[in-house]
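Q: Numbering (my numbering), first residue to last: 30 to 418.
A single structure is presented below for examination.
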Amino acid sequence: MTAVGVAPVIRGPIGVDGFWQPRRFAFWMLIFLLANGAFSVISLFYQGAQVVPIATFLGVIVWAAYTAVPLLFFHWLDLFQQHPPLGFVLAFAWGGLGAVYLAIPANTAIMSIISKTSGPDNEWTAAIAGPTTEELLKYLGVILLVLIARTQFRTILSVVAIGAVVGLGFQVVEDLDYTVNTAISMGSPNEVLPVGLMLLFRGIVSGLWSHALFTSISAFGLGWFLTRKHKPLAQRLLVAAGAYALAWLGHFFWNSPLLRTGNIFIDALTHGVPILLAGFLIWRLAGREEADYLTGLADTYVNEELITVDERRALRSLRYRRHLHKEAKQGYGKKAARLYRTLQRRQLHLVLQYGEHGAGGRAGQAAVEVQLARADFAAQSGVSEIVDR
């Protein structure tokens, strides 16, 4: 039993869909909305560039560089092993193009309704409009990706990872939009200042507890729904709805005037830390289920020549994986540590190949890659494995 409910550790290999699925309606729905989103978002920033060209150009560079930081973090967590690159590209594109394109008129409509019913100065407008439209649209993107490549999503973490990248795409494009609009509204000849301010306030102060976290929380519920087919439908729907509600409430709380002091840094902590804690719990639960899944696959398919006892333990724990990497670095140098990290990633890839395709040709090729990586590490270090000391 895991912390997220009883689930079969090993789900038999059934083959895995790719994300290129031109015979599926969901694929063309996604492409259509992405094309419209690309035209809309590019037009939006083109108009901004006519007014504040330096701020727009600099903003694109700054937010592109900013995006690299969480992407490197995801790579460090080995999240990109979950799906082919196209899946993550489509996820980011949906967040930054499709969801943003649809959210702009939807937010405007809800804000207009609130303004007409309760006055233009209602301080709860952003708290109601933002989560209502944005969380739904990001979530629909995750659902579209699941419909396109149904069997890609075999664990909760595989859905959570896609959700995080959808949220990240939305987050950085929204931040760029705020940057351009701030530069226009300030009307200052100094177009660099608004870029720096938005990077500080939206990127650094509030970046940790923003859309990437919200969407990963809601995606957790969808992942639970997809992977717990042995559970009653009502229970699966309840968990999915509960996770979505938690993401909505987190976004609502972040946008709301509750507990506001007027100090942006204090407000960021009082509003952001509870959201971050909820997100940490969600990711921890997803990680535990993933650990059970990976070790179950390794024990079923992989011999100890390919993945040793200590290395199997590392499959369960990112911390222990880093610990073995540190041991390699301290004992045998930086180059050996890099080679050992390559070995670890190839072992993870091998296990996932067994889970996706069984003991077929792909897993056989992945096993050869593990053997080659171990040989490279042994040639550099003089040992074939790292034994915990």
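Think of the CB as a built atom: it goes at the ideal place given N, C-alpha and C, for glycine as much as any other residue.
May I have the straight-line CA-CA distance separating Leu237 from Trp277, to the nearest angstrom?
A: 16 Å
Q: Tell me whether the beta-carbon of Leu353 lies closer than 7 Å to the beta-carbon of Phe406.
A: Contact: no.
Q: One question on the structure: do Tyr95 and Gly232 come within less than 7 Å of each other, judged by their Cβ atoms?
A: yes
Q: Less than 7 Å between the beta carbons of Ser285 and Ala120, yes or no?
A: In this structure, Ala120 does not lie closer than 7 Å to Ser285 by Cβ.
Q: Please identify the residue among Leu242, Val201, Val268 whose C-alpha is closest to the C-alpha of Leu305.
A: Of the listed residues, the one whose Cα sits closest to Leu305 is Leu242.
Q: Where does the unbroken alpha helix (DSSP H) through Asp247 begin, and where does it stop?
A: Note that residue 247 is Ser in the sequence shown here, rather than Asp. Element bounds for Ser247: 240-256.
Q: The alpha helix (DSSP H) spanning Asp321 covers which residue range?
A: Counting along the chain, the unbroken alpha helix (DSSP H) around Asp321 starts and ends at 293-330.
Q: Three or more C-beta pairs under 8 Å: does that hold for the region 210-224 against the region 70-90?
A: Two segments are said to touch when three or more pairs of C-beta atoms, one from each, lie closer than 8 Å; by this definition the region 210-224 touches the region 70-90.
Q: Quick one: Cα of Gln111 to Cα of Asn136, how far?
A: 33 Å
Q: For Arg342 and Thr324, what's the separation of their Cα atoms in angstroms?
A: 8 Å
Q: Comparing C-alpha positions only, which one of Ile60, Gln181, Gln79, Thr146 sits nearest to Gly124?
A: Ile60
Q: Do Gly127 and Phe48 have their C-beta atoms closer together than 7 Å?
A: no
Q: For Phe254, collect the residues of the same chain with a Cβ closer than 6 Å to its Cβ; drop the 5 residues on either side in sequence, then sort them by chain order.
A: Cβ neighbours of Phe254 beyond the five flanking positions: Arg265, Ala269.
Q: Are the CB atoms of Ala272 and Ile246 nearer to each other than 7 Å?
A: yes
Q: Cβ atoms of Gln382 and Val399: under 7 Å apart, would you say?
A: Contact: no.
Q: Can you name the start and end residues of the alpha helix (DSSP H) that Arg350 belongs to?
A: 347-361
Q: I'd like to know whether the C-beta atoms of Ile191 and Gln50 end up nearer to each other than 7 Å.
A: no
Q: With DSSP as the reference, label Ser413 as helix, strand or coil.
A: coil
Q: Considering Asp206, what are the terminal residues of the alpha helix (DSSP H) in which it resides?
A: Note, Asp206: alpha helix (DSSP H), 185-215.
Q: Quick one: what does DSSP say Gly88 is sitting in, helix, strand or coil?
A: helix
Q: Can you find a C-beta in chain B that's less than 7 Å from the C-beta of Glu398?
A: The structure shown contains no chain B; it holds only a single protein chain.
Q: Identify whether Asp339 lies in helix, strand or coil by the three-state DSSP scheme.
A: helix
Q: Taking a contact to mean a Cβ-Cβ separation below 7 Å, would you say Asn65 touches Tyr168 in this structure?
A: No.
Q: Taking the alpha helix (DSSP H) that Thr146 falls in, what are its first and last residues?
A: 129-147
Q: Got a sec, what are the start and stop residues for the alpha helix (DSSP H) Ile157 sits in?
A: It spans 154-159 - the alpha helix (DSSP H) in which Ile157 sits, taken as one unbroken run.
Q: Ordered along the chain, which non-local residues of its own chain (more than five positions away) have a Cβ less than 7 Å from that of Thr162?
A: Ala132, Ala135, Asn136, Ile139
Q: In whole angstroms, what separates the C-alpha of Thr184 from that of Glu414?
A: Taking the Cα positions, Thr184 is about 29 Å away from Glu414.
Q: Can you tell me whether Gly41 is helix, strand or coil according to DSSP?
A: For Gly41, the predicted model reports a pLDDT of 48, less than 50, meaning its position is unreliable; a value from the coordinates is still stated below. Here Gly41 sits in coil by DSSP.
Q: When the Cα atoms are used, what is the spatial distance from Val118 to Leu228?
A: For Val118 and Leu228, the distance between alpha carbons rounds to 24 Å.
Q: For a test of the three-state rule: what should DSSP assign to Gly47, helix, strand or coil?
A: coil
Q: Between the C-alpha atoms of Gly77 and Ile293, what's the straight-line distance to the nearest angstrom?
A: Gly77 and Ile293 have their C-alpha atoms spaced approximately 27 Å apart.
Q: Report all residues from its chain with a CB closer than 7 Å to the CB of Ser279; omit the five preceding and five following residues, and keep chain order.
A: Checking the sequence, you will find Gly at residue 279 rather than Ser. If we look at Gly279 and ignore the five residues flanking it on each side, its Cβ neighbours are Phe243, Ile246, Ile304, Ala307.
Q: Indicate the three-state DSSP secondary structure (helix, strand or coil) for Lys364 in the structure shown.
A: helix
Q: If the criterion is Cβ atoms closer than 7 Å, does the pair Ala122 and Val189 meet it?
A: no
Q: Would you say the beta carbon of Gln181 is closer than 6 Å to some non-hydrogen atom of the ligand PLP?
A: What this structure holds is no ligand at all, so the ligand PLP is not there to describe.
Q: Identify whether Lys167 lies in helix, strand or coil by the three-state DSSP scheme.
A: helix
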